[in-house]
Amino acid sequence: MKESVKRWMTSYRKDVNKRCLKKMDDDLQKIVTPSDISKFSTSQIARDALKVLGAASQGQDISISRFEYTVVRDYLMSETILRNANRPGVLATMQVKHVKEARLIEDHYIISISSHKTSGVHGPAKIIVTKMLYSWLTIFTDKILPQTPVQSDLVFQSWNGEAVDVGRCFQMTLKKAGLRDGITCTLFRKSAVSKIHQECPAEKANLADLMSHRPETATRWYRVVDKEQTCVRASAMLTKVMDINCTDDISPSAASTGRPTSVTDTYPSTATEDTDVVKNVR
Numbered sequence: 308m309k310e311s312v313k314r315w316m317t318s319y320r321k322d323v324n325k326r327c328l329k330k331m332d333d334d335l336q337k338i339v340t341p342s343d344i345s346k347f348s349t350s351q352i353a354r355d356a357l358k359v360l361g362a363a364s365q366g367q368d369i370s371i372s373r374f375e376y377t378v379v380r381d382y383l384m385s386e387t388i389l390r391n392a393n394r395p396g397v398l399a400t401m402q403v404k405h406v407k408e409a410r411l412i413e414d415h416y417i418i419s420i421s422s423h424k425t426s427g428v429h430g431p432a433k434i435i436v437t438k439m440l441y442s443w444l445t446i447f448t449d450k451i452l453p454q455t456p457v458q459s460d461l462v463f464q465s466w467n468g469e470a471v472d473v474g475r476c477f478q479m480t481l482k483k484a485g486l487r488d489g490i491t492c493t494l495f496r497k498s499a500v501s502k503i504h505q506e507c508p509a510e511k512a513n514l515a516d517l518m519s520h521r522p523e524t525a526t527r528w529y530r531v532v533d534k535e536q537t538c539v540r541a542s543a544m545l546t547k548v549m550d551i552n553c554t555d556d557i558s559p560s561a562a563s564t565g566r567p568t569s570v571t572d573t574y575p576s577t578a579t580e581d582t583d584v585v586k587n588v589r
């Protein structure tokens with residue numbers, strides 16, 4: 308019985324690992340690019356949110372509708388995720404007091420959140436925001452949140468004061484901004500890892516700190532990304548060292564001449580040898 312369970316667990320882990328690797332390979336086709344981020348920043352949903360925040364910042368006595376509240380909340384939530392590549396659970400537990408207690412370091416505000424998935428290993432998660440984004444967050448917590456019918460300690464809450472599915476809101480917000488469907492927090496985290504490992508490899512440990520995961524976690528994903536590039540380079544080198552004549556080197560004009568008209572066109576050396584043999588027999 309014990310051996311049977313052991314074999315079953317081995318088979319189960321193998322299947323799970325195969326599914327995980329396949330999911331990683333599928334995600335390669337969906338990587339979030341800088342142009343996607345620019346599209347979100349200039350989208351209508353971003354302009355609508357900033358319009359409401361701008362009016363609130365000027366001290367205008369405005370009454371926020373449920374729709375306007377949702378637009379501003381989802382914009383700030385998405386903007387924060389795009390700047391930090393954090394897990395959705397971090398923002399789901401961020402409270403108003405966390406924003407109030409933020410510290411200013413090198414022109415950026417640091418918001419510490421102690422309750423999240425890997426807090427037992429990495430400690431409080433750090434949300435880094437620019438001075439501008441921090442000002443929008445304070446306007447949201449001071450002037451917009453108090454207008455909701457039900458109050459709670461959460462920053463990103465529903466109109467009725469309940470916790471929201473941050474990951475789902477992020478995905479829907481990007482879709483409304485004109486980006487493709489299916490961009491999740493996890494996919495963006497993978498995209499961030501890929502970009503940093505490719506262009507700023509010296510910063511990968513710092514990124515791991517920001518994302519509250521082990522560097523090995525990021526390296527395992529990036530290995531899947533890097534594998535396509537290394538395979539292409541290896542194939543090119545193999546072709547070179549083995550002196551393989553590739554059909555890519557044949558010009559279109561040569562390829563369009565059709566099939567060989569004689570044996571000598573295809574095997575000139577062999578055909579010559581055969582002719583010599585015939586002459587000797589005669």
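Under the working numbering, the sequence shown has 452 at position 145, and the numbering climbs by one with no breaks.
No residue lacks a Cβ here, since even glycine has one placed at the ideal position from N, Cα and C.
These figures come from a predicted structure and were not determined experimentally.
Mapping DSSP to helix, strand and coil, what is residue i?
i: Thr445; result: helix
i: Ala484; result: coil
i: Thr387; result: helix
i: Gln402; result: strand
i: Thr568; result: Legend: pLDDT at Thr568 = 49, less than 50; position of this residue unreliable, no value from coordinates given.
i: Ser350; result: coil
i: Asn587; result: For Asn587, the predicted structure reports a pLDDT of 48, less than 50, and the residue's modelled location is therefore unreliable. The matter cannot be settled from this model.
i: Ile338; result: coil
i: Val379; result: helix
i: Val436; result: strand
i: Arg410; result: strand
i: Ser318; result: helix
Near residue i, what residues of its chain come up, given a Cβ to Cβ distance below 7 Å and the 5 sequence neighbours on each side ignored?
i: Asn391; result: Ile434, Ile435, Leu517
i: Val406; result: Ile418, Leu444, Thr445, Thr448, Val462
i: Gly474; result: Pro395, Thr491, Cys492
i: Lys346; result: Ala484, Gly485, Leu486
i: Arg373; result: Trp466
Do residue i and residue j have their C-beta atoms within less than 7 Å of each other?
i: Ser498; j: Ile388; result: no
i: Leu360; j: Ile418; result: no
i: Ala356; j: Val379; result: yes
i: Trp443; j: Thr455; result: no
i: Asp488; j: Gln402; result: no
i: Ile451; j: Ile503; result: no
Excluding the five sequence neighbours on either side, which residues of its own chain have a C-beta within less than 8 Å of the C-beta of residue i, listed in chain order?
i: Ile369; result: Val359, Ala362, Ala363
Which residue from the options puts its Cα closest to that of residue i?
i: Gln351; options: Lys547, Cys492, Thr546, Leu486; result: Leu486
i: Gly396; options: Thr546, Met384, Leu411; result: Met384
i: Glu408; options: Thr400, Ile420, Leu398; result: Ile420
i: Cys492; options: Lys483, Met479, His504, Ala484; result: Met479
i: Asp472; options: Ala515, Asp381, Ser318, Thr349; result: Asp381
i: Ile412; options: Gly430, Tyr441, Val500; result: Tyr441
i: Arg496; options: Ala515, Pro508, Pro431; result: Ala515
i: Ile344; options: His415, Lys309, Glu386; result: Glu386
i: Ala399; options: Gly468, Lys482, Met549, Met544; result: Gly468
* **Contained alpha helix (DSSP H) runs [length at least 4] in the region 485 to 513, N- to C-terminal order** => You should have 492 to 506.
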